Amino acid sequence: MVKEENELVNRPDNTAFTQQRLPAWQPMLSAGIIIPGFVLIGLAFIGIGVALLITSRSIQVLELDYTGEDQDSPCFRCSDPAVRNCTCTLQFSNDRLIEGPVFFYYGLSNYFQNYRRYGVSRDDGQLYGDLSYFKEPYDQCEPYRFGGGNNQPIVPCGSIANSMFNDTFRLFQNINGQRREVPLDGKGIAWWTDYNIKFRNPTVTPLRDAFNGTVKPPFWPRPAYELDTSDPANNGFINQDFLVWMRTAALPDFRKLYRRITEGDYANGLPAGNYSLDISYNYPVMSFSGRKRVVFSNVSWMGGKNEFLGIAYLVIGTLCIVMSVVMLIVYAKFKFPEEE
Amino acid sequence: MAWWNPLAQIRDALTGQRVRENDLRRLVSNLPYEGLGKKKQPNRHFPGNSIKTTKYTLLFFIPLNLFEQFHRLANIYFVGLAILNFVPVVNAFEPEVALIPICVILSLTALKDAWEDFRRYQSDKKLNNMPCFIYSRKDKQFVERRWKDARVGDFVKALCNEIVPADLLLLHTSDRNGMCHIETSNLDGETNLKERKVVPGLCVTEPDFEPESFNSVVVCEKPNSNLNYFKCYVEKPNEEKVGAGIGSLLLRGCTVRNTDHAVGFVVYAGHETKSMLNNNGTRYKRSKLERKLNVDVIFCVILLLAMCLVGALGHFFWRQALPGVPPYLVPNSNGQVDSPSLSSFYMFFSMIILLQVLIPISLYVSIELVKIGQIFFITQDIDLYDEETDSRIQCKALNITEDLGQIEYIFSDKTGTLTENKMVFRRCSIMGTEYPHKENAIRLAVIDEPESEEEVIYTQQPQSPQHGWSLDAEASSPEGTHRHHGSRQKNKFAGNAQSNVAFSSPLETEVIPDRKLLGQVSVAESTISSSSQKMDPYLDFFLALAICNTVVVSMATARRQRTHKYPSSFQSTNPLDNFSNLLTKASSLRKVFAPKRDRSFSDASFKEDDRFNPFPKVDDSGVFSSRGQTVESNGRNYEAESPDEAALVYAAKAYGFILLSRTPDSVTVRLPSGQVLVFEVLDTLTFDSNRKRMSVLVRHPITKECVLYTKGADYSIMELLGAPYAEHLSGNQKTVVADTQYHLDCYAKEGLRTLCFTKKVVSAQDYNVWSVSRQSAMAAIDGREQLIMDTAVQLETNLSLLGATGIEDRLQEGVPDTILALREAGIKVWVLTGDKLETAVNIGYACRLLEDEDLVINMSCKNKLVCTSILDSTLEEVRRYGNDPRNVDTTPDISLVIDGHTLAMLLSKDLHGRFVDLAKRCRSVLCCRVTPLQKSGMVKLIREKLKVMTLAVGDGANDVNMIQAADIGIGISGQEGMQAVMASDFAISRFKHLKKLLLVHGHWCYTRLANMIIYFFFKNLANVNLLFWYQFFCGFTATAMLDYWLLIFFNLFFTSAPPIMFGIMDRDVSAEVLLGVPELYRTGQGAGEYRFCTFWISMLDAFYQSLVCFFIPYLVYKDLDVDVFTFGMPLNAVSLITILLHLSIEIKSWTVVHWIIMLGSVAVSFILTLLYTSCITCNSYWTLQKQLADPIFYLICIITTVVALLPRYTFHVMRNSIAPSPIVQARHLDRLDASTKEVWIKEWRGYRGAGAVKRSKLSDPPSPNNPRTPTSPDNLENEITLTSFKI
């Protein structure tokens, strides 16, 4: 028998795979299966949509523009780029309690943090605290790579760091003519991984020694090791405002988290009342017809307020139901070829 | 050499060049120069025998391979992009990263090339080191060397069953007559023995050959690749010239058989040998689909440029609109900001780099992989495997698989393609009397019966395990019975399988003599013995049958062992072979689990030995005894180059005229009386296609007369008839000729092949005169063929007619069924044959090329004027017929029958337009008496004029032109050697395989590849467009919202495997349904599924889907605190899911492999992305992890996928429900269970078949030729009846 096997050496193997006879599932896209499927999808989507919409509606957002373009705006004076160290105060009132925790964002419009050459203009080596990159920054940082009088390396180099947003805010509640400062929590506004892993200060104490022989970015008023002199855990490259800024926004109209209002009397939210916001207006936006705003918002499990997703689910769910009805009509009219 | 002179070297090299280019080469023996330095060697200019088929060397592999690869435009484009990346002002990606894809693709290809080259190197090395015997003067004997040591001018000895190492001019053999048998199956696949003869009069020192005494000069032509011609003469020292031809040349690669040893002079070595010159690589054809694809790639380029232009302009306007220099605008290194126009100019190139994936470079690689997979499955198909020859389908062209699904015209040869080319003697006519051999016919019919008595007899035969079909036992055991048994078994098997088809009864070479004729012969025999001077026409007829041929008699003891695969470069250098070998090995492991083979397969084992022994032996006694006991007494075996000859020799044998042996000088025949006659062969005028006849000139041993026996086609013989046969029959001659002609016509109508036999007695002085001119013709070196043919024509005059034979060439099994299926599939089948009109028409009806209710138009005219008018009126007729509204539903299929002479006129420039117009209205066309050149001319004409896909199928050397002219050439490895197979793109062993090859594999390959390509375009555009839409939100600055690596991974790993698997394995309709409903094939014809609009619809769909995939996440994240890479992650995921789900809508059947690859792709992409985003240095660090923890991410994924795929899904559903395409209906059919499906198909076919019969017959239109009178369809399946057929 062995011999006989050998005689037909070229005989292909008669297996289901080689003969292309593997058992197969052959789905047919016909209305019979689709109509109940569409109804189910439609109902599920409507359900999700309603839930999303309800959640989204429960989120309160208070948005205030302080660009100062208009003459009657309190910040009009500051919007002139020639004016330095300008502060302005924005008065606003809150009709009802914004439930806590309230997040305090600043927002920029028409600001292209996603400009390609802007986005790559950073040195992750430096930001990881690697001192060798302090001397020789990554060449994508050009033209913010070397600077100062002696052409010293810039730390942190690059365009992103250089253009860091530097308006600061103080929030006060006006109670009976008294200004009561609302405590703002600057911790935990950046990503945990950014703060703990991706960004590191050089292991040199004091921190400023690590920056010997380097210069600060040209737009910065003070060097990186003085970003927050009060708290070493918020200073240097792990300054949380810096971290937030370094995570470049995806779209030209964006907001970034500035502070959280979680402490003291305001842990449950911002009660209704009159507030004033002291702004130290430093960041120029006129050069790109941008706008600046502050946003107070609370968040839910789905993040910030977003009506779109809920509406989309509702619309698509309804569409599915409508289509299944249409298909039912088609079904009644044309019958199925299957049955022939 | 002690001295070294560059000048002398150059001079020597130039001389060498001149010597090699010379038309004639003068070669002398190397022996006198043995041991001298290289400079003194006379033959040093000719290459040695070592071969090197490798393309590369170790040192230069990389540059040479890169050079080779950059011949592809796609690669150049890719490298251009990579270079563009290094230009600092435009770089969108990190340049090093951008190099990855090109490097991956180049190195993959290089690896494949290196592997192939290494295989070639190994096979070269093995070949070069094979042992051979070369004569050494020092040792005074043949010493063992290696093949590579042989040089031109050496003397090489080849022993029995050894392979010849170089092209040798045969000088000496162990045979007394200087004969040597060779087998050339390694070269051309022909397994019959061929005779080679030593160059006469060269070695005087018999019986041992002394190479040292060889002092002649061999003058031969420049090396060429023709395996059948060789011109050479040997100049002796006394200036006498002896001519030698291919008959004295042992070709490299063939095997010496039946001869103890042969000594030859090396004339060509190494790469100059004929076999190496024939060894061309695989052919490259570009498929129709690929040509269309290239157009679409150009559209993609245009689209890409348009998108880049939009980007550049967008960037310009965006920059223009900026009132100042914003802080995010990065100045260049000088601190200056580029002007908007310059910046947008740079941006154009950056955009090209960003959107480059739009040009599907990986598509080309994927297509190649898909085709390799498709070919793997085609070659693995067990239905395309022929057990008889143990051969599966060979795919020689690797890149035209999908063309198989688009064929509109098939041009087929008849003999050997539609028919078996295994000839059975059926009838003969001698001196005007017809002997119908009824018993023979009856017996043949009996074998067709499935339940005949013989079966019982045979299965009762004892079957011990050590029976004769085990090859090693063969030589000693009396295997005749067993072998016979085996072939009988097989015949039964084959007969059972196809018993309902006319003509396809099993091969049977035994002939039962006609009683009447047997009586006549024995009467003649007795009269002869009384008066031995007179010859009788009956005896002469059978002598002619036995003598006038080139059949080789071989003894069973010398039976060849199974040919071991020749480890050489004759093996295809096809990369796929290696690949499929690997796969075969892998899958053979699985064999253990494979289902037990069916019974028919174990039957097949009986027939193995049959392959070397195509003609079972006949009892020597010539009397038909019970066939169960037919024993071959002395194991004689007839091997003929043409099967007709063998059939005739067997027929002669049945009447007792037994061909005992044949040497070039003599033929030994035993007469029925037992008398053994040895005829001296004076000359053999071999067959050629111009004369269409062959002759043997012998000297009769008793009468000492020179007798010329000629056989040939009737028309080539009839005009040469002269003197009537013997005097005592003189009065009858006229009627003999007329009667014979009548019989011939009858035979032809029966579909038999006819041959006429004549005799001529040549007087001694005529012979002497003729032989002188013959000798000079033989020695000529220029125009020798023509001269030899002229001398042949000189002698073949005044022939006396003896009789004629009718040989049946059976239709191969399954031919009518296959042709019917192909016709139903909308393929027009044309048969082009060299046969007579009547024979061809009958075969046409038998194989259902023509149907009874068809309107058959005959075109046969003598001159062009008539031809033109007939053509015009027929065309007019056919047009009117087609336009007649009454005929819309009942139009009979029109068939055209043309003869070769008319065809020549129709193919002329002024008529061919009208001819094509006529031909395209005909369902089938039958051309007779066609020359090979006309065959290819016809194919070219149809292909160019009608712009259709053509396929040519043939088995013989005469089909090679046609096979090469067609879009797809298919060779049938049959009885006539391998030339057709060598020239073909696909080689099959039976015509019926064409059905599955086209209807199933063709359809599958085409739909798979077409859908895969469309999907590929879609995939790339859908993916790239996401980046494009993002440009509107990043100031057109060519930013990607994804990490560069992930972008590259997306195409390289995440979405590459599913389309390839889709292209290899998807199955829209099962094989059974495709075979059962051939109409489904029509979906691929013409434009097929891959159309202009399909391409653009899928492009639009890609635009839509990418819009959805981009803008839903955009609207969700608008105004929120989302960073670039967090934004990119859902886009990437959504895009991946949509693209894969889109594919799953397209996938028609899901097997385990599909599931694994689809789910695997998703898993791999997520795992890889997770791994990548865990890497701290990457920009998108931890983004996916963060997203996976966010419910919004999932909500986005769900809704986006649904919205993106909803239109396509709905469209599919609606189309399937409202207007299902034939394919969809077939898929519904496919879902039924097996038995219902079968019933359905049967009903469907029955309905249609009945329709065809019931179709109202219209009154015959007044065409110039009468169509064939319709007969009842009942006798279609039976023997062909002689119906009236007028021309």
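As given, the protein sequences belong to chains A and B, one line each in that order.
Each residue of the first sequence is one higher than the one before, starting from 1 at the first, in the numbering used here.
Each residue of the second sequence is one higher than the one before, starting from 1 at the first, in the numbering used here.
Virtual Cβ for every residue (Gly too), placed ideally from N, Cα, C.
Here the structure is a predicted model, which means the values were calculated and not measured.
Fill in: Three-state secondary structure (DSSP) of Asp1119 (chain B)
coil
Discussion item. For a contact defined as C-beta to C-beta under 8 Å, what are the partners of Gln26 (chain A) on chain B?
Written reply: Lys1148, Ser1149, Trp1150, Arg1227, Asp1230, Arg1231
Item to complete: Output yes if chain A places a C-beta closer than 8 Å to the C-beta of Lys759 (chain B); else output no.
Response: no
Worksheet item: From which residue to which residue does the beta strand (DSSP E) around Ala262 (chain B) run?
Response: 261-268
Worksheet item: Could you check where the alpha helix (DSSP H) with Met1342 (chain B) kicks off and where it finishes?
Response: As displayed, chain B neither begins before 1 nor continues past 1287, which places residue 1342 (chain B) out of reach and without an answer.
Worksheet item: Hey, is the region 922-930 of chain B in contact with the region 383-401 of chain B, meaning 3+ C-beta pairs nearer than 8 Å?
Response: no
Fill in: Three-pair Cβ contact test at 8 Å for the region 109-119 of chain A versus the region 1029-1049 of chain B
yes
Worksheet item: For Arg286 (chain B), does the three-state DSSP call read helix, strand or coil?
Response: coil
Fill in: Simplified DSSP state of Thr684 (chain B), which is helix, strand or coil
strand
Item to complete: Would you mind sorting His993 (chain B) into buried or exposed? The rule is 16 or more other CB atoms within 10 Å of its CB.
Response: With 16 or more other Cβ atoms within 10 Å, it is buried.
Discussion item. Going by DSSP in three states, Gln67 (chain B) sits in which element: helix, strand or coil?
Written reply: It should be pointed out that residue 67 (chain B) corresponds to Phe in this sequence rather than to Gln. Helix at Phe67 (chain B).
Fill in: Same chain, Cβ closer than 6 Å to Thr459 (chain B), neighbours up to 5 away in sequence not counted
Because Thr459 (chain B) sits at a pLDDT of 35, beneath the cut-off of 50, its placement in the model cannot be relied upon, and the following sentence gives the value as read from the coordinates. Counting only Cβ-Cβ distances below 6 Å, and skipping sequence neighbours, we find nothing.
Fill in: Span of the alpha helix (DSSP H), counted from its first residue to its last, around Trp245 (chain A)
240-246 is the span of the alpha helix (DSSP H), which, as asked, contains Trp245 (chain A).
Item to complete: Quick one: list the residues of chain B neighbouring Asn239 (chain A), beta-carbon separation under 7 Å, in chain order.
Response: Those do not exist, as Asn239 (chain A) stays about 17 Å from chain B at its closest Cβ, beyond 7 Å.
Worksheet entry | Pairwise C-alpha distance: Leu951 (chain B) and Asp1260 (chain B) | A caution first: Asp1260 (chain B) carries a pLDDT of 32, below 50, which makes its placement in the model unreliable, though a value can still be read off. If I take the Cα positions, the gap works out to 33 Å.
Worksheet item: Which whole-angstrom value is the C-beta distance of Ile1196 (chain B) and Pro1130 (chain B), which I expect to be below 8 Å?
Response: 5 Å
Fill in: Whole-angstrom C-beta distance between Ile898 (chain B) and Val925 (chain B), which should lie under 8 Å
7 Å
Practice prompt. Determine, using beta carbons only, whether Gly311 (chain B) and Met347 (chain B) come nearer to each other than 8 Å.
Written response: For Gly311 (chain B) and Met347 (chain B), yes; Cβs fall inside 8 Å.
Practice prompt. Given a cut-off of 8 Å, decide if Ala8 (chain B) and Glu158 (chain B) are closer than it, judged by their beta-carbon atoms.
Written response: Looking at the sequence shown, residue 158 (chain B) is not Glu but Ala. No. Outside cutoff.
Fill in: Distance between Gly37 (chain B) and Lys138 (chain B) (C-alpha atoms, nearest Å)
Roughly 15 Å between the two C-alpha positions.
Fill in: Spatial neighbours of Val948 (chain B) in its chain, beta-carbon cut-off 6 Å, leaving aside the 5 residues before and after
Glu408, Tyr409
Discussion item. Going by DSSP in three states, Leu305 (chain B) sits in which element: helix, strand or coil?
Written reply: helix
Item to complete: At 4 residues or longer, and completely inside the region 733-773 of chain B: list those alpha helix (DSSP H) runs for me, N to C.
Response: 733-750
Worksheet entry | Min CB distance Gly264 (chain A) to chain B below 8 Å | no
Practice prompt. For Phe104 (chain A), decide whether its Cβ has a neighbour in chain B, counting only Cβ atoms nearer than 8 Å.
Written response: no
Worksheet item: How would you write the range of the beta strand (DSSP E) that Leu1075 (chain B) sits in, first residue to last?
Response: For Leu1075 (chain B), there is no enclosing beta strand (DSSP E); the residue is found in the alpha helix (DSSP H) stretching over 1071-1076.
Worksheet item: Which one of A:Asn306, A:Glu307, A:Leu251 has the shortest CA to CA distance from Thr1039 (chain B)?
Response: Answer by Cα proximity: A:Leu251.
Worksheet item: Comparing the C-beta of Trp1045 (chain B) with each C-beta of chain A, is any distance below 8 Å?
Response: no
Worksheet entry | Arg1227 (chain B) and Val1069 (chain B) closer than 8 Å at C-beta | yes
Item to complete: Find the residues of chain A that neighbour Thr1288 (chain B), judging by a C-beta separation of less than 8 Å, and give them in chain order.
Response: In the structure as shown, chain B begins at 1 and stops at 1287. Residue 1288 (chain B) is therefore absent and cannot be evaluated.
Worksheet entry | The alpha helix (DSSP H) enclosing Thr1023 (chain B), as first and last residue numbers | At residue 1023 (chain B) the sequence reads Asn, which differs from the Thr that was named. Segment 1003-1031, the alpha helix (DSSP H) holding Asn1023 (chain B).
Worksheet item: Since Ala840 (chain B) is in the alpha helix (DSSP H), which residue starts that stretch and which ends it?
Response: 837-846
Item to complete: Kindly say whether Ala312 (chain A), judged by its beta-carbon, lies nearer than 8 Å to any beta-carbon of chain B.
Response: yes
Worksheet item: Could you give the distance in angstroms between the alpha-carbon of Ile1241 (chain B) and the alpha-carbon of Leu1100 (chain B)?
Response: 38 Å
Worksheet item: Do Leu801 (chain B) and Leu721 (chain B) have their C-beta atoms closer together than 8 Å?
Response: yes
Discussion item. Let me check understanding here. Comparing Cα to Cα, which of B:Leu545, B:Pro63, B:Ile1198, B:His1142 lies closest to Ala804 (chain B)?
Written reply: B:Leu545
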